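Per the numbering used here, the very first residue in the sequence shown carries number 152; after that it's consecutive. The C-beta atom is built at its ideal place from N, Cα and C for all residues, glycine as well. In this text the structure is predicted, and so the values were computed from the model without any measurement.
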Amino acid sequence: MKRTTGLLAVVAAIVAMLGACSPYTLTNSEIYNNADLADYHTFRIVTPADGDLPPGMQMVTYYNVTAAIREQLVERGMTEDPNSPLLVNIGLTVKDGVTQVPYTTQVPVYSPGPPPPPLPRPLPGPRPHPGPVHNGLVPYFIYPRAYYWPHYATVTHWVTEVYKEGVLTMDMVNIKEMKPLYSASVSTILDNGDSQLRNLSGIDKAVQVLFSKYPVPVR
Numbered sequence: 152m153k154r155t156t157g158l159l160a161v162v163a164a165i166v167a168m169l170g171a172c173s174p175y176t177l178t179n180s181e182i183y184n185n186a187d188l189a190d191y192h193t194f195r196i197v198t199p200a201d202g203d204l205p206p207g208m209q210m211v212t213y214y215n216v217t218a219a220i221r222e223q224l225v226e227r228g229m230t231e232d233p234n235s236p237l238l239v240n241i242g243l244t245v246k247d248g249v250t251q252v253p254y255t256t257q258v259p260v261y262s263p264g265p266p267p268p269p270l271p272r273p274l275p276g277p278r279p280h281p282g283p284v285h286n287g288l289v290p291y292f293i294y295p296r297a298y299y300w301p302h303y304a305t306v307t308h309w310v311t312e313v314y315k316e317g318v319l320t321m322d323m324v325n326i327k328e329m330k331p332l333y334s335a336s337v338s339t340i341l342d343n344g345d346s347q348l349r350n351l352s353g354i355d356k357a358v359q360v361l362f363s364k365y366p367v368p369v370r
């Protein structure tokens, strides 16, 4: 009996050690505007038709990331719906010089009245600035973050760790109100510190970490 107990203790220690050596780290997990994400039962994930993939992200990587995010949300009882007010936006931190676009703070202005379309196409011209640049790195979102991020004074917290190359960030946005609800980031989805993004298995593990503090539990 004592041998069995000792063996279980050793196995538990090994599992804990392997977990501590995980290449993925949750760099931030925050709720904004007092959002209750349990109130949302549907979601839609940003697509390349809504903007541009971050530099260095290939379509296969986009599909792998969105498949992993979709699985996490479905496990929480949510349903994918192209008309959902809840947009899942995806960003990747890349070197500023890679983007090759002039930045501007221009954002579309909506007049009072009915809510805008679920996801208006970015305006032609320079891409809106996606946020502060730190050490030459900037999170580059498929749907420009500046379209919804600057309008809310409660969104003031930026985490330095987000400005590391290869950090994957997920924003939850009430797109009809252009209001950010939640953001989380995981570091790093780059493979061995080079420019290659991790494979499906690695991205799936990274997204599990991304959702590790998500305020709605798995059902």
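Taking 9 Å as the cut-off, the beta carbon of V225 is found no closer than this to the beta carbon of V197. Less than 9 Å divides the Cβ of G242 from the Cβ of Y291. Comparing C-alpha distances from D201 to each of P295, Q359, T230 shows the shortest one belongs to P295. In the three-state scheme derived from DSSP, where H, G and I count as helix and E and B as strand, L204 is classed as coil. Collapsing the DSSP output to three states places I293 in coil.
CA-CA distance, W300 to R221, rounds to 23 Å. Per the C-alpha coordinates, the member of I293, Y298, A297, E316 positioned closest to G287 is E316.
Here Y213 is buried: its Cβ has 16 or more other Cβ atoms, across all protein chains shown, within 10 Å. The C-beta separation of M321 from L361 comes to about 6 Å, placing the pair in contact by the 8 Å criterion. The Cβ atoms of A186 and L351 do not sit closer than 9 Å to each other.
Burial is judged here by how many other beta carbons sit within 10 angstroms of a residue's own beta carbon; R227 has at least 16 and is buried.
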